[in-house]
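A.B. asks: Got a structure for you, questions after.
Residue numbers (the numbering used here): -18 to 298.
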């Protein structure tokens, strides 16, 4: 395997004092509804509003001074965009970010606010990786992909590493799945610490490329998904992430957009936390009973909270 527990530990050292050590939230109401002791890792409170800052900072921090001076290019529907822009600024470099033209306004505004140049494309007809690759070649920029990179995976794994330090041994962790970087890093950290732990991924039912891929034993490409969880609308897993997840992930379950809305509403009403749709799948899976048997002690990554007030009101109306 190309990413190890030691890589995650090294990433934790690299981001210490830069990334937030986000809190773990408990709720008696949630425990009662699910029949489990639930430990919620609140990465919606991370810098940049999502776990993505961990991987982006870890990857960009490993660039040479010369490369950092030339700058980086990244592509993302929003959260990796914000993370890469912020991490580049923190490390003294510049960033060009390729984003869908229909990205939420809050995410576009945040990326611009971090000083990055934004290049937009049509998510249903454009090839973001090709656009970013072209910019990297033309301008000598370092390409920082959103998930399919060892340094990104290692950085994302630090969220679960912290969760296990804060909550102690768990029977399972529940993680949202997009391109697979977060769950790959989470699985490496979790099974490196506790080999018997269950690693459960959650996808939107219309964006279940990883579930289909694991069932087929190879990466399966689906049509560009339509879901309110814009950060999870990836049509095919990464090659690196698929290889890791095929070995370490125990199960993938799916939730509907309405179930994501219900979980977001629960988070606001009962937990006093704002989650974007892409940040709520783990909570949704627990609340809907999608995970069976219910683990006695379970950790959930609440992966992001980048949703503006107007959009949040629209989604929950």
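Virtual Cβ for every residue (Gly too), placed ideally from N, Cα, C.
If you measure between the beta carbons of residue 260 and residue 39, is that distance less than 7 angstroms?
C.D. replies: The answer is no: Cβ separation not under 7 angstroms.
A.B. asks: Could you tell me the boundaries of the beta strand (DSSP E) in which residue 21 lies?
C.D. replies: Note, residue 21: beta strand (DSSP E), 18 to 23.
A.B. asks: Output the distance between the C-alpha atoms of residue -17 and residue 274, rounded to the nearest integer angstrom.
C.D. replies: Cα-Cα distance, rounded: 32 angstroms.
A.B. asks: Taking all protein chains shown into account, decide if residue 56 is buried (16 or more other Cβ within 10 angstroms of its Cβ) or exposed.
C.D. replies: Classification of residue 56: buried, given that the 10 Å Cβ count is 16 or more.
A.B. asks: Tell me, please, whether the stretch 253 to 273 touches the stretch 15 to 32 by the rule of three or more beta-carbon pairs shorter than 8 angstroms.
C.D. replies: Enough Cβ pairs lie closer than 8 angstroms, so yes.
A.B. asks: Near residue 104, what residues of its chain come up, given a Cβ to Cβ distance below 8 angstroms and the 5 sequence neighbours on each side ignored?
C.D. replies: Cβ neighbours of residue 104 beyond the five flanking positions: 58, 81, 82, 83, 205, 214.
A.B. asks: Indicate whether residue 222 and residue 285 have their beta-carbon atoms separated by less than 7 angstroms.
C.D. replies: Going by C-beta atoms, residue 222 is not nearer than 7 angstroms to residue 285.
A.B. asks: The beta strand (DSSP E) spanning residue 38 covers which residue range?
C.D. replies: First-last for residue 38: 33 to 42, but that is the alpha helix (DSSP H), not the beta strand (DSSP E).
A.B. asks: Is the beta carbon of residue 122 closer than 7 angstroms to that of residue 53?
C.D. replies: Their beta carbons are under 7 angstroms apart, which means residue 53 touches residue 122 by this criterion.
A.B. asks: Among 88, 77, 91, 85, which residue has its Cα nearest to the Cα of residue 116?
C.D. replies: Ranking 88, 77, 91, 85 by Cα distance to residue 116 puts 77 first.
A.B. asks: Tell me whether residue 142 is buried or exposed, calling it buried when 16 or more other Cβ atoms sit within 10 Å of its Cβ.
C.D. replies: Result: buried.
A.B. asks: Nearest CA to the CA of residue 269: which residue from 288, 240, 106?
C.D. replies: Among 288, 240, 106, the Cα nearest to that of residue 269 is on 240.
A.B. asks: Just checking, does the stretch 140 to 160 make contact with the stretch 1 to 14 on the three C-beta pairs under 8 angstroms criterion?
C.D. replies: Touching, yes.
A.B. asks: Taking the straight line between their C-alpha atoms, what separation do you get for residue 131 and residue -3?
C.D. replies: Rounded to the nearest angstrom, the two C-alpha atoms are 19 angstroms apart.
A.B. asks: Would you mind giving the Cβ-Cβ distance between residue 164 and residue 234, rounded to the nearest angstrom? I have them listed as a contact below 8 angstroms.
C.D. replies: That pair is no contact at about 12 angstroms.
A.B. asks: For residue 233, which residues does DSSP report across the bridge?
C.D. replies: Bridge partners of residue 233: 182.
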